[in-house]
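Visitor:
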Amino acid sequence: MTVRGDSGGRMRLASKVAIVTGAGAGIGRASALRFAAEGAHVVAADIDDASVQEMVSMSSTQASGSIRACQVDVASAASVEALITTTLEQHGRLDVLFSNAGIQLDGNAIDLPEEDWDRMFAVNVKGAFLCAKYGIPAMIASGGGSFLITASVNSFYAESDIAGYSATKGAVMQLTRAMAIDHGPGGVRVNCICPGWTETAMSKPYLEENPKGREFAAKIAPSGRIGQPEDIASVALFLASDESGFVNGAAWNVDGGWTAGMTKAIALV
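FYI, the working numbering numbers position 197 of the sequence shown as 197, with every residue one higher than the one before it.
(1) Indicate whether residue 254 and residue 170 have their beta-carbon atoms separated by less than 8 Å.
(2) DSSP three-state label for residue 146, please.
(3) Do you know offhand how far residue 12's Cα is from residue 221's?
(4) To the nearest whole angstrom, what separates the beta carbons of residue 259 and residue 156, a pair I think is in contact under 8 Å?
(5) Let me make sure I understand the geometry here. Which of 51, 137 and 118 has the alpha-carbon closest to that of residue 165?
(6) Straight-line CA distance for residue 122 to residue 175?
(7) Quick one: residues in its chain with C-beta nearer than 8 Å to the C-beta of residue 245, no 5 flanking neighbours on either side, listed in chain order?
(8) In this structure, how does DSSP classify residue 200 when only helix, strand and coil are distinguished?
(9) Give the secondary structure of residue 249 by DSSP, where H, G and I count as helix, E and B as strand, and everything else as coil.
(10) Please determine if the stretch 36–46 and the stretch 79–94 are in contact, where contact requires at least 3 C-beta pairs separated by less than 8 Å.
(11) DSSP three-state label for residue 166, please.
(12) Taking only runs of the alpha helix (DSSP H) that begin and end inside the stretch 76–114, which ones reach a length of at least 4 residues, in chain order?
(13) Mind the definition here: the stretch 225–235 touches the stretch 13–32 only if three or more C-beta pairs lie below 8 Å; say whether that holds.
(14) Please report the distance separating the alpha-carbon of residue 206 from that of residue 257.
(15) Note down, in chain order, each residue of its chain lying with its Cβ closer than 7 Å to the Cβ of residue 251, except the 5 sequence neighbours on either side.
(16) Using CA atoms only, rank isn't needed, just tell me which of 185, 214, 120 and 77 is closest to residue 199.
(17) Excluding five sequence neighbours on each side, which residues of the same chain lie with their C-beta closer than 6 Å to the C-beta of residue 135?
(18) If we count the other Cβ atoms within 10 Å of its Cβ and call it buried at 16 or more, is residue 34 buried or exposed?
(19) Using the rule of at least 16 other Cβ atoms within 10 Å of the residue's Cβ for burial, across every protein chain shown, is residue 62 buried or exposed?
(20) As a quick exercise: from 47, 106, 208 and 55, pick the residue whose alpha carbon is nearest that of residue 127.
(21) Under a three-way DSSP split, which group does residue 20 fall into?
(22) Could you pull the start and end residues of the beta strand (DSSP E) that residue 137 belongs to?
(23) Just reading off the beta strand (DSSP E) that residue 46 is part of, what are its end residues?
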């Protein structure tokens with residue numbers, strides 16, 4: 001389905017082919033829509049097929065970009081390989097891959113069930129690895145491109161009761177750097193985005209169920225507000241575009257200044 005752009009005729013991803021995982025909601029959904037609005041042909045992939053089908057059906061029908069839905073389990077090599085194969089069959093190339101799918105299961109190292117640890121690493125870390133394993137060769141064959149990963153501010157520092165999640169996000173930040181070194185010579189740039197508090201389904205339990213959660217999340221950032229998925233999508237768009245052609249191996253904090261002012265956050269606890 002085609003979607004409307006808003007760049008005054010200047011499409012920053014015109015004719016590029018992009019895959020976005022975890023595209024059914026939140027950051028992935030906002031990024032898929034933004035990429036398509038900027039002229040990309042987007043494969044919106046998610047394990048929840050209904051969510052991406054619904055997004056495609058509700059998209060605007062006037063523009064040069066397009067979105068199609070695809071179900072994928074990023075923890076499955078066969079599923080990810082099929083995603084890449086289908087994309088190449090339908091579009092003939094791959095220019096951008098945004099490995100955004102992720103989950104968070106709370107608990108410290110004592111309380112966290114082993115199966116929750118394994119599941120987070122399967123989705124958050126192995127998922128990014130598999131997207132790279134099968135996606136980067138396709139990007140090299142297409143003349144290069146941009147590979148993005150959603151990391152987190154927890155890639156840099158820890159918070160209580162999310163030991164496993166923090167470990168996965170630290171891992172994908174290092175994976176970003178390693179792959180940037182390995183695949184930069186092949187024309188593939190690899191960067192990660194590190195969101196702070198962002199209004200998504202993942203953050204909703206804390207923001208909605210904790211009486212002071214929303215107030216705290218807004219106060220810790222110097223910008224004075226909680227991030228929106230569109231804030232992250234704007235950075236993803238830049239990194240996906242040729243405008244970031246000399247950006248490689250970097251971790252981009254998109255947190256309203258939260259990590260710049262950690263002493264403020266600590267004082268509010």
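Ideal Cβ placement from N, Cα and C applies to all residues, glycine included.
Guide: On the basis of the supplied data:
(1) no
(2) strand
(3) 30 Å
(4) 6 Å
(5) 118
(6) 14 Å
(7) 189
(8) coil
(9) coil
(10) yes
(11) helix
(12) 77–91
(13) yes
(14) 20 Å
(15) 151, 155, 173, 176, 192 and 194
(16) 214
(17) 84 and 97
(18) buried
(19) With a pLDDT of 48 at residue 62, under the threshold of 50, the predicted position of this residue should be treated as unreliable, though the coordinate-derived value follows. Label assigned to residue 62: exposed.
(20) 47
(21) strand
(22) No beta strand (DSSP E) contains residue 137, which is instead part of the alpha helix (DSSP H) from 127–141.
(23) 41–46
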